[in-house]
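Below is one structure; the comments refer to it alone.
Number of protein chains: 2
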Amino acid sequence: MSNRKTVSVFGLGSMGYGIARSLLRAGHHIHGHDINPQLVDEFQAEGGSRESPGNIVKTIDAAVIVVLNAAQTEAILCGEAGLVDTMKPGSVVISCATVSPEFAQRMEKQCSERNIHYLDAPISGGSAKADTGQLSVMAAGSHEAFEAAGFALDAIAETVFKLGDQAGPGSAMKAVNQMLAGTHIAIMAEAMTFAISQGISPEKFLEVIPQCAGTSWMLENRAPHIVNGDYTPRSSVNIWPKDLGIVLDVARSTNFSAPVTAAALQQFLAAAGSGLGAEDDAAVAKVYARNAGLQLPEEK
Amino acid sequence: MSNRKTVSVFGLGSMGYGIARSLLRAGHHIHGHDINPQLVDEFQAEGGSRESPGNIVKTIDAAVIVVLNAAQTEAILCGEAGLVDTMKPGSVVISCATVSPEFAQRMEKQCSERNIHYLDAPISGGSAKADTGQLSVMAAGSHEAFEAAGFALDAIAETVFKLGDQAGPGSAMKAVNQMLAGTHIAIMAEAMTFAISQGISPEKFLEVIPQCAGTSWMLENRAPHIVNGDYTPRSSVNIWPKDLGIVLDVARSTNFSAPVTAAALQQFLAAAGSGLGAEDDAAVAKVYARNAGLQLPEEK
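Taken in order, these protein sequences are the chains called A and B.
The numbers in our numbering rise by one with no breaks, and the one at position 93 of the first sequence is 261.
The numbers in our numbering rise by one with no breaks, and the one at position 235 of the second sequence is 403.
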């Protein structure tokens with residue numbers, strides 16, 4: 169393959185693993201990095217490369233960062249032997265974690281001072297779409313950053329929204345999406361348990377509501393987890409105190425009042441605080457059920 | 169037409185008018201009743217009948233009640249010369265207003281004491297689907313009530329959910345749907361205005377979010393109203409203090425804590441309280457814009 173590129177993927181979690189596989193499938197040479205060596209083993213067995221970042225980042229064309237938050241992103245970029253100090257000029261950082269627009273702008277500045285391109289590139293779509301290379305990417309960055317990242321976006325995304333010519337708007341749109349997505353999960357759980365309190369079975373809820381005006385993408389995706397009593401984490405409760413926290417921090421910094429999001433965040437905090445943090449985010453329904461003395465379906 | 173039935177439709181508002189037209193189109197003999205004589209004139213011009221209820225309700229096979237709330241429904245059923253005292257045994261009341269399950273049960277009891285069937289039959293789908301006879305009906309009632317109402321449901325509904333064999337579960341499912349629908353409108357407005365506060369245009373919001381996990385039926389239906397600056401009421405702000413009020417009254421009566429719905433209700437109350445009650449419900453965005461010092465799009 170003439171256009172074979174070399175890429176490091178940082179973070180082989182539910183999203184990063186799918187991204188790494190999609191890049192591999194497109195014929196590129198992919199290094200997988202994760203603090204969990206089992207995930208790196210697994211990726212190696214699929215044809216990925218296992219190298220210490222210190223040995224190879226000076227050779228890579230792109231780094232895709234798919235970690236949990238801004239702190240982890242900053243450690244990879246600006247920590248000891250971080251990418252900013254080691255990647256070659258003209259290469260590109262594709263930053264996928266949910267972070268504040270201000271953080272994205274600061275990282276872009278750090279990179280550009282070393283002639284490294286930076287793409288503010290949060291993702292949406294869930295692990296299934298990560299795996300099939302069909303993510304939506306909310307992207308912002310310079311023309312050069314888009315050029316340098318193009319081969320990778322082709323491999324991982326079905327849709328790339330070009331939201332601006334410098335970092336920030338990608339992360340802003342992601343914050344808007346998370347505000348909606350998180351609140352939709354909480355209100356789905358609120359409505360599902362309210363239905364149970366009125367004698368409506370979870371199965372009947374799932375049969376009727378998706379055909380009515382009260383439906384949402386998240387309802388159709390997450391309500392089946394409750395009906396099946398299956399809280400295997402596709403996306404965990406812990407994501408939401410983090411992501412809605414970012415949303416509300418950004419909102420507060422501009423005196424934007426967001427009362428519905430704030431109410432949803434409290435429910436996820438109650439879920440995380442009562443030991444449900446590592447379960448699937450549909451487990452926020454357990455907070456409602458406990459508060460109302462209701463029984464949710466057992467695992468089938 | 170051999171199976172031509174005679175029906176009174178009470179309430180020729182945005183939903184009732186479409187229902188009356190759909191029944192007419194199916195070949196039935198339809199009386200239209202409304203406190204607004206203009207609507208009755210209009211319906212008469214389309215082939216409807218204009219009669220005082222007192223003269224004709226003893227002859228009708230079915231009454232479809234599509235009024236604003238429980239009080240209006242009760243006045244039509246149990247007020248002076250109400251349907252319960254005048255309709256013939258074996259006829260059916262199809263009750264479409266959003267009411268509490270307990271109210272539906274009480275009305276069913278009143279009707280059944282006079283051998284009138286009662287179908288607890290709240291509707292979903294909006295005025296466009298009412299007009300084309302493609303509503304969703306969340307129905308509950310006796311086998312006899314379903315039998316007697318069948319011809320009318322055939323004319324007005326695309327989908328009839330049979331939710332129970334006595335009144336109550338139809339209204340309960342409608343309350344669940346309204347909990348979701350109302351909250352989805354409020355969080356749509358919250359996210360749209362938050363996006364504007366971050367420099368994202370309403371057009372860009374509408375381009376991106378419907379393709380991401382943050383979308384909802386209500387977002388896709390109502391966000392264009394904001395983008396176009398068009399607050400012509402398809403469904404008004406005033407619906408939501410009423411419907412979310414019913415939801416939260418029912419929730420409170422069973423000690424069910426619904427904090428996200430409660431936050432959404434506050435925003436609709438602020439909209440109604442500041443003079444926006446008769447505007448389209450997307451005008452709840454004006455509360456957010458005012459609170460954040462933002463400008464929404466002007467009418468195009």
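Don't be surprised by glycine CBs; every beta carbon is placed ideally from N, CA and C.
Checking 8 angstroms against the spacing of the C-beta atoms, do residue i and residue j come in under that value?
i, j, result
"VAL405(A)", "LEU444(A)", "yes"
"THR365(B)", "THR422(A)", "For the record, residue 365(B) in the displayed sequence is Ser; it is not Thr. Cβ distance < 8 angstroms, so SER365(B) and THR422(A) count as in contact."
"MET347(B)", "ALA359(A)", "yes"
"ILE394(B)", "ALA453(B)", "yes"
"VAL225(A)", "SER339(A)", "no"
"THR383(A)", "SER384(B)", "yes"
"GLY413(A)", "GLU467(A)", "no"
"VAL234(B)", "GLY179(B)", "yes"
"ASP322(A)", "GLY186(A)", "no"
"ILE355(B)", "THR351(A)", "yes"
"GLN435(B)", "VAL455(B)", "yes"
"ALA426(A)", "PHE362(B)", "yes"
"SER190(B)", "GLY367(B)", "no"
"VAL428(A)", "VAL428(B)", "yes"
"ASN283(B)", "PRO257(B)", "yes"
"ALA431(A)", "ALA431(B)", "yes"
"TYR399(A)", "ALA457(A)", "no"
"ALA320(B)", "VAL175(B)", "yes"
With 8 angstroms set as the bound, which would you pick, yes or no: does the beta-carbon of residue i sit closer than that to a beta-carbon of chain B?
i, result
"PRO269(A)", "yes"
"GLU469(A)", "No information on residue 469(A) is available, as it lies outside the stretch 169 to 468 that chain A covers here."
"GLY294(A)", "yes"
"PHE178(A)", "no"
"PRO221(A)", "no"
"VAL428(A)", "yes"
"VAL260(A)", "no"
"VAL225(A)", "no"
"THR300(A)", "no"
"LYS372(A)", "yes"
"PRO337(A)", "yes"
"PHE329(A)", "yes"
"VAL344(A)", "yes"
What is the C-beta distance between residue i and residue j, in whole angstroms, given that I count them as a contact (C-beta under 8 angstroms)?
i, j, result
"SER304(B)", "GLY293(B)", "5 angstroms"
"ARG172(A)", "HIS197(A)", "6 angstroms"
"ILE324(A)", "LEU287(A)", "That belief does not hold up - the Cβ atoms of ILE324(A) and LEU287(A) are roughly 12 angstroms apart, past 8 angstroms."
"ALA265(A)", "LEU236(A)", "7 angstroms"
"ALA357(B)", "PHE373(B)", "Incorrect: roughly 11 angstroms between the Cβ atoms, too far for contact."
"ALA349(B)", "PHE329(B)", "No, ALA349(B) and PHE329(B) are not in contact; Cβ-Cβ is about 16 angstroms, not under 8 angstroms."
"LEU192(B)", "GLU214(B)", "7 angstroms"
"ALA230(A)", "SER259(A)", "6 angstroms"
"SER295(B)", "MET386(B)", "Actually they do not touch by this definition, with Cβ atoms about 15 angstroms apart."
Does residue i get closer than 8 angstroms to chain A when you measure Cβ to Cβ?
i, result
"ALA470(B)", "The structure shown does not extend to residue 470(B), since chain B is modelled only from 169 through 468, so no value can be given for it."
"MET306(B)", "yes"
"ASN396(B)", "no"
"SER442(B)", "no"
"PRO205(B)", "no"
"TRP408(B)", "no"
"ASN171(B)", "no"
"PHE424(B)", "yes"
"THR400(B)", "no"
"LEU287(B)", "no"
"PRO465(B)", "no"
"HIS393(B)", "no"
"ILE355(B)", "yes"
"HIS199(B)", "no"
Considering only DSSP beta bridges, list what residue i is partnered with.
i, result
"HIS196(A)", "Note: HIS196(A) sits in no beta bridge, so no partner."
"ALA472(A)", "Past the edges of chain A, shown from 169 to 468, lies residue 472(A), and the structure says nothing about it."
"ASP448(B)", "SER404(B)"
"HIS201(B)", "PHE178(B)"
"SER469(B)", "Shown here, chain B extends from 169 to 468; a query on residue 469(B) therefore has no answer."
"SER384(B)", "SER384(A)"
Quick one: is residue i near chain D, going by C-beta distance under 8 angstroms?
i, result
"PHE362(B)", "Absent from the structure is chain D; the protein chains it does hold are A and B."
Is residue i near the ligand MN, with its Cβ less than 7 angstroms from a heavy atom?
i, result
"ILE203(B)", "The ligand MN is not part of the structure shown, which contains no ligands of any sort."
#### Entry: In chain order, each beta strand (DSSP E) run of at least 3 residues that lies wholly inside the segment 268 to 313 of chain A
Segments of the beta strand (DSSP E) lying fully in the segment 268 to 313 of chain A: 285 to 288, 303 to 307.
### Task
May I have a chain-ordered list of the beta strand (DSSP E) segments no shorter than 3 residues that lie completely inside the segment 320 to 379 of chain B?
Within the segment 320 to 379 of chain B, the complete beta strand (DSSP E) runs of at least 3 residues are 325 to 330.
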